[in-house]
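Engineer: Encoded as structure tokens, here's the structure I'll be asking about.
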Amino acid sequence: MLQIQWENEMNFYKTENLQATLKLRNDVNAIILAGGTDLMVKYRNPTLILPNIEKDILYIGHLKELKGIAITKGKIRIGAVSTLNELEENDITPPILKKAIKELASLSIRNIATIGGNIANASPAGDTISPLIAIDATIILKSIKGERKLPIAKFIFGPGKTVLEENEIIEAIEINDSKFNREYYKKVGTRHANALSKINFVGLALIENDSLMDIKIAIGAVAPVVVRSEQIEKKLKGMKLKEIKKTINDIQKEYSSLINPIDDQRSTAIYRKNIALNLLKNFLQSL
Ligand SMILES: Cc1cc2nc3c(=O)[nH]c(=O)nc-3n(C[C@H](O)[C@H](O)[C@H](O)COP(=O)(O)OP(=O)(O)OC[C@H]3O[C@@H](n4cnc5c(N)ncnc54)[C@H](O)[C@@H]3O)c2cc1C
Numbered sequence: 072m073l074q075i076q077w078e079n080e081m082n083f084y085k086t087e088n089l090q091a092t093l094k095l096r097n098d099v100n101a102i103i104l105a106g107g108t109d110l111m112v113k114y115r116n117p118t119l120i121l122p123n124i125e126k127d128i129l130y131i132g133h134l135k136e137l138k139g140i141a142i143t144k145g146k147i148r149i150g151a152v153s154t155l156n157e158l159e160e161n162d163i164t165p166p167i168l169k170k171a172i173k174e175l176a177s178l179s180i181r182n183i184a185t186i187g188g189n190i191a192n193a194s195p196a197g198d199t200i201s202p203l204i205a206i207d208a209t210i211i212l213k214s215i216k217g218e219r220k221l222p223i224a225k226f227i228f229g230p231g232k233t234v235l236e237e238n239e240i241i242e243a244i245e246i247n248d249s250k251f252n253r254e255y256y257k258k259v260g261t262r263h264a265n266a267l268s269k270i271n272f273v274g275l276a277l278i279e280n281d282s283l284m285d286i287k288i289a290i291g292a293v294a295p296v297v298v299r300s301e302q303i304e305k306k307l308k309g310m311k312l313k314e315i316k317k318t319i320n321d322i323q324k325e326y327s328s329l330i331n332p333i334d335d336q337r338s339t340a341i342y343r344k345n346i347a348l349n350l351l352k353n354f355l356q357s358l
């Protein structure tokens with residue numbers, strides 16, 4: 072195991088394998104570091120190169136048990152420290168996730184940023200979160216005591232808030248194979264690259280014989296957590312496309328009550344709400 076102590080007596084740990092990492096995670100109150108692209112900003116130190124983290128650091132970005140993208144028992148399994156570029160380049164990655172990754176940060180950030188870091192950071196503007204919620208991804212958490220699995224929508228419960236226990240790490244993300252023949256992704260940001268989302272919108276649909284057989288809608292950065300309504304989706308399933316197009320105003324009204332954005336440095340609440348509802352209309356019209 073590598074252990075380095077900085078001047079402020081903070082320790083940096085890097086172990087040989089996952090088991091040793093989990094043991095240390097259980098015994099030491101350390102902050103997990105994967106790619107560091109969120110942590111380095113959160114704890115930036117204007118006067119020094121080293122970040123201002125007043126906790127021990129447990130590095131996991133090298134662990135081969137947490138890397139890789141594969142199909143296991145009919146499900147896609149993505150290791151938590153897979154970088155966003157690795158995901159973008161892999162044929163197994165669900166296309167809607169690839170679309171979101173292509174517009175996330177810059178190539179150099181995506182080369183080091185991990186999917187587990189994006190999820191654990193739990194930002195309402197986290198760009199991989201809306202597609203993962205739309206495709207009903209499962210988060211696999213691991214601790215020295217064992218493993219637990221839960222839907223991503225249950226893992227994140229507020230801005231920066233997750234149900235991750237102090238002795239756990241995200242080990243992987245599991246995705247069931249699903250079939251859609253319409254995939255719609257729009258990110259609205261100040262610039263095309265390197266800008267956090269003012270809104271991100273994911274729309275997935277399966278259309279057969281002019282009928283909507285399946286639909287998933289997830290809207291990010293317009294509420295404390297990604298907006299998705301299985302209730303509304305259920306009502307839309309089975310409808311003829313003509314019918315859907317006639318009722319777009321009503322569908323917008325239903326989503327409107329779920330969209331509660333905030334004013335912040337990136338955008339205003341009213342702009343976010345209007346754009347989200349326009350993207351919804353645009354997606355439904357495109358079916
Ligand atoms: C210039 C710039 C532009 C950016 N643009 C975007 C953007 O457009 N969209 C976007 O969504 N994000 C953006 N980000 C944010 C960031 O790059 C992503 O959220 C990234 O995926 C975080 O991954 P990481 O490995 O760097 O996380 P880290 O910084 O290492 O960790 C982030 C958090 O997750 C925890 N963590 C990490 N891995 C695990 C794990 N396996 N288990 C448990 N906890 C874990 C850490 O303890 C920390 O709290 C940007 C960042 C920068 C610096």
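Under my numbering, think of the first position of the sequence shown as 72, with each following residue one higher. For glycine and all other residues, C-beta sits at the position ideal for the given N, C-alpha and C.
1) Does the Cβ of F228 have 16 or more other Cβ atoms within 10 Å, making it buried, or fewer, making it exposed?
2) Can you check which of these residues, G139, I180, P165 and I147, is closest to M111 by C-alpha distance?
3) What residue range is occupied by the uninterrupted alpha helix (DSSP H) comprising S357?
4) Would you check if the distance between the CB atom of T233 and the CB atom of P222 is smaller than 8 Å?
5) Using 8 Å as the threshold, is the C-beta distance between P295 and P195 below it?
6) What three-state label does DSSP hand G361 in the structure shown?
7) Return the CA-CA distance between I315 and E159, expressed in angstroms with no decimal places.
8) Verify whether the separation of the beta carbon atoms of K308 and L275 is less than 8 Å.
9) Hey, could you find the ends of the beta strand (DSSP E) V273 is sitting in?
10) Which value, in whole angstroms, describes the spacing of the CA atoms of F272 and L350?
11) Do T108 and ligand 1 come close, with the Cβ less than 7 Å from some heavy atom?
12) Beta-carbon within less than 7 Å of S327's beta-carbon, same chain only, minus the 5 sequence neighbours each way: which residues are those?
Structural biologist: On the basis of the data shown:
1) Position 157 of the sequence shown, counted from the first residue, corresponds to residue 228. Result: exposed.
2) Residue mapping note: residue 111 aligns to position 40 of the sequence shown, counting from 1. Of the listed residues, the one whose Cα sits closest to M111 is I180.
3) Taking the first residue of the sequence shown as position 1, residue 357 is located at position 286. Taken as a continuous stretch (DSSP letters only), S357 belongs to no alpha helix (DSSP H), as it is neither H nor E.
4) What you label residue 233 is simply residue 162 of the sequence shown in a count that begins at 1. What you label residue 222 is simply residue 151 of the sequence shown in a count that begins at 1. No, they are not a contact pair.
5) To locate residue 295, count along the sequence shown from 1; it is residue 224. To locate residue 195, count along the sequence shown from 1; it is residue 124. Contact: yes.
6) This structure leaves residue 361 out entirely; the chain is present only between 72 and 358.
7) Counting from one through the sequence shown, the residue named residue 315 turns up at place 244. Counting from one through the sequence shown, the residue named residue 159 turns up at place 88. Between I315 and E159, the C-alpha separation is close to 33 Å.
8) The residue given as residue 308 occupies position 237 in the sequence shown. The residue given as residue 275 occupies position 204 in the sequence shown. In this structure, L275 does not lie closer than 8 Å to K308 by Cβ.
9) Within the sequence shown, residue 273 is the residue found at index 202, counting from 1. Element bounds for V273: I270 to E279.
10) Here residue 272 refers to the residue found at position 201 when the sequence shown is read from its first residue. Here residue 350 refers to the residue found at position 279 when the sequence shown is read from its first residue. Distance between the alpha carbons of F272 and L350 is about 7 Å.
11) In the sequence shown, counting from the first residue as 1, residue 108 sits at position 37. Checking the Cβ of T108 against ligand 1 gives yes.
12) Looking up residue 327 in the sequence shown gives position 256. So the list reads L348, once near-sequence residues are dropped.
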